[in-house]
Each structure stands twice: as C-alpha cells, then as structure tokens.
Amino acid sequence: MRIRDARSDDLARLREIERSAGELFRAIGMPEIADDDPPSSAELTHYQRAGVAWVATTEADEVVAYLFAEPLDGNLHLEQLSVHQNHARQGIGRKLITHAAQHAAGKNMPGLTLTTFRDVPWNAPYYERCGFHTLGEQEIGPGLRARREQEAAHGLARWPRVCMRRPTT
49 MRIRDARSDD LARLREIERS AGELFRAIGM PEIADDDPPS SAELTHYQRA
99 GVAWVATTEA DEVVAYLFAE PLDGNLHLEQ LSVHQNHARQ GIGRKLITHA
149 AQHAAGKNMP GLTLTTFRDV PWNAPYYERC GFHTLGEQEI GPGLRARREQ
199 EAAHGLARWP RVCMRRPTT
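If you read the sequence shown in the working numbering, its first letter stands for residue 49, the second for the next number, and so on.
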C-alpha cells in the first residue's frame, strides 16, 4: 500500500469509496449515514487543490482509501477518512493517519483532531487505538466547536458524537 497526494482524476473514485464505507452503517441501524451523499466533487477538489487530500493505493495505483483534512484551531482536522469495504481491516486507515500526522508536524501543527461517533466500533474506539483521546468540553477550541455544531445541524447529533485529538509526534 502506498500513500500519495490525491489527484483530480481520483475524485470520482473517492465518492465510490465513501459510498462503500458508508454501507457499514446500515448494518448497525444507521441507514441515514449510509444514505448520506458523499462529499461533492467541488468539496473534494477544494481539499485536493489545498494539498490536504491523500489516497492509499495498491501497487497497481488503484485508489482504495482516502483522507482529507484542513487546519482548524492550530491543528490538522481530519475531516474524512474512508476505506473501501474490500480493503478494510488492513491497517490502511492507520497509515493515512500517520501520513496526515507527518504532514501536520511539518507545518508545526501540534495535533490532529476529528469528530466521530462515540459508539461505532470503527469510529471512536478505533481512533483511540490510533492514539486519539476524547476531548472534554473545556478542551474544544472554537473552530472544532463550530464544526460540531455544523454536524449537528446536518443531523449527526442524533447519535452520540465526540471530539478527539492526538499529538502529531
């Protein structure tokens, strides 16, 4: 598996990966998440052009996972990490997180942040195994707080969610 910057010709594949990864939510009683539209091509293009979108590829350069992020409260916020179901549970997500942490460290960002579902096994429990910890209310910066409010307005607060952080080193 190799990690590289996302290219414009990868973007349609990223939407397919998101749909595949989202299907896992259907099996745990969260069909609304499975049915949610993947990020638009315009959104993906924004992250790709900003240099904060990475993909994991096979030796044949088939894109099987992606991560995109953005600076937020002085950290690098992991906006989305998705792995195609056919390639799940192989450490690909962890490799993408490590790559993002290296990028953030190179930009003098002390941590990675994210928001995620607290009780979904491949969400908060997974990120804890990757070195993230749940933030208390007093630890949540204004940008992350605003992000959480946007997600709630989108309907994600229907299920318990948490803000998490890990150091880049």
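Glycine included, every Cβ here is placed at the ideal spot set by N, Cα and C.
Quick caveat: nothing in here was measured; it's all calculated off a predicted structure.
Here residue 70 is buried. Its C-beta has 16 or more other C-beta atoms within 10 Å. The three-state reading of DSSP puts residue 134 in helix, counting H, G and I together. Sequence-distant partners of residue 145 (beyond 5 residues in either direction) whose C-beta falls short of 6 Å from its own C-beta, in its chain, are 178. Note on geometry: alpha-carbon atoms of residue 92 and residue 112 lie some 16 Å from one another. Per DSSP, residue 176 is one residue of the alpha helix (DSSP H) stretching across 172 to 177. Per DSSP, residue 119 is one residue of the beta strand (DSSP E) stretching across 111 to 120.
Here the alpha carbons of residue 116 and residue 108 stand approximately 22 Å from one another. Taking every protein chain shown into account, the CB of residue 202 has fewer than 16 other CB atoms within 10 angstroms, so this residue is exposed. Residue nearest to residue 163 within the set 175, 64 and 102 is 175 (criterion: CA-CA distance). Taking C-beta separations shorter than 8 Å and ignoring five residues to either side along the sequence, the partners of residue 120 in its chain run 161, 189, 191, 192 and 195, following chain order. Beta-carbon to beta-carbon, residue 72 and residue 133 are separated by about 7 Å, close enough to satisfy the 8 Å threshold.
With respect to the C-alpha of residue 167, the residue from 142, 150 and 210 having the closest C-alpha is 210. One alpha carbon belongs to residue 159, the other to residue 169, and they sit about 23 Å apart.
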